[in-house]
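Be aware that the sequence shown starts at 12, since it is given in my numbering, and climbs by one per residue. Using N, Cα and C, we set each Cβ at its ideal position, and we do this for glycine too.
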Amino acid sequence: MRKRFELVDSMPPVYSAVRRAVELPLGELKKLSEKGRLSAEERESVPLLLAKIGSAAFRMVSAEVERTPPNKFKYVFRHPAPQLDFDPVAPKAVARCAANAIAQTMLFSELGGNRVGILSLPGHVVPTVKIGGTTYVLERHLFESGVPTLRDYMQELNAAYLSPEHPMHTISRALYSGETPTPGVFARKVRYFGGKEAALGSAYLNMSVYALSISNNRARAKRLFAEAIRLNPNISRHAATMGFELSP
Numbered sequence: 012m013r014k015r016f017e018l019v020d021s022m023p024p025v026y027s028a029v030r031r032a033v034e035l036p037l038g039e040l041k042k043l044s045e046k047g048r049l050s051a052e053e054r055e056s057v058p059l060l061l062a063k064i065g066s067a068a069f070r071m072v073s074a075e076v077e078r079t080p081p082n083k084f085k086y087v088f089r090h091p092a093p094q095l096d097f098d099p100v101a102p103k104a105v106a107r108c109a110a111n112a113i114a115q116t117m118l119f120s121e122l123g124g125n126r127v128g129i130l131s132l133p134g135h136v137v138p139t140v141k142i143g144g145t146t147y148v149l150e151r152h153l154f155e156s157g158v159p160t161l162r163d164y165m166q167e168l169n170a171a172y173l174s175p176e177h178p179m180h181t182i183s184r185a186l187y188s189g190e191t192p193t194p195g196v197f198a199r200k201v202r203y204f205g206g207k208e209a210a211l212g213s214a215y216l217n218m219s220v221y222a223l224s225i226s227n228n229r230a231r232a233k234r235l236f237a238e239a240i241r242l243n244p245n246i247s248r249h250a251a252t253m254g255f256e257l258s259p
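Structural data, given as structure tokens:
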């Protein structure tokens, strides 16, 4: 019987290494997350800690994705290669997007599985974490400028839509194609999944969509989609709203 690679039940080697690298700031963040109320100073420190942890995790995972050969990928990551078997037509962004979502979800679920989530956009998934009653968005494109709140992220999508030079311009254009965008428009088009399993399921759906649409690998897409549904049974309805139909 083929061995299953369970993301939820154990932490793969690469994510364990990331966890060790960010142990100190993650410990500080955990203390803050356990407080009922945060002072103004503590609240200001939250996005700084998130940026420090998130950017370090993204850099480490991206580097590991790049240097891991296909035949070793499942051992290192315990899930299929986001590069879709390293197909040359698959963009590297697929690897970084999925790997970032999985890495951040694995890390921040230590604060409590109900604190993490995922924003699902067409062709993109973005991890989130809730601290002190505020939801923060761990968008890999924005780590250098900070970690925005959910409200600020919608404003960032709106700004990206209007600026071709913005790193999220293509992402925002995939969400909306009208002439007068507003942050509210983007908020209505982004789907949020809360909880560790639901978040990981959304990451699997993202890989399944690319397996079918870019590599035309239906068998692989079905395997990934089945895992997405196992982790998040509600994901099939969301997939249908995205125009993605694939029976597991």
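**Message:** In whole angstroms, give me the CA-to-CA distance for S174 and L168.
**Reply:** 10 Å
**P192 in three-state terms, based on DSSP** = coil
**Distance, I182 Cα to V201 Cα** = 11 Å
**Item:** Given L43 as reference, the closest of H135, A209, S27, L122 once Cα atoms are compared
**Value:** L122
**Message:** I need the straight-line Cα distance from G65 to Y203, nearest angstrom please.
**Reply:** 19 Å
**Prompt:** Less than 8 Å separating the beta-carbons of Y172 and P192?
**Reply:** yes
**Request:** Please classify N40: does DSSP put it in a helix, a strand, or coil?
**Result:** In the sequence as displayed, the identity of residue 40 is Leu instead of Asn. In this structure, L40 counts as helix in the three-state DSSP scheme.
**Asked** Sorted by chain position, which residues of the same chain lie with C-beta nearer than 7 Å to H152's C-beta, five sequence neighbours on each side aside?
**Response** P178, M179
**Request:** With DSSP collapsed to three states, give me the class of S120.
**Result:** helix
**Asked** Which of helix, strand or coil does DSSP assign to P244?
**Response** coil
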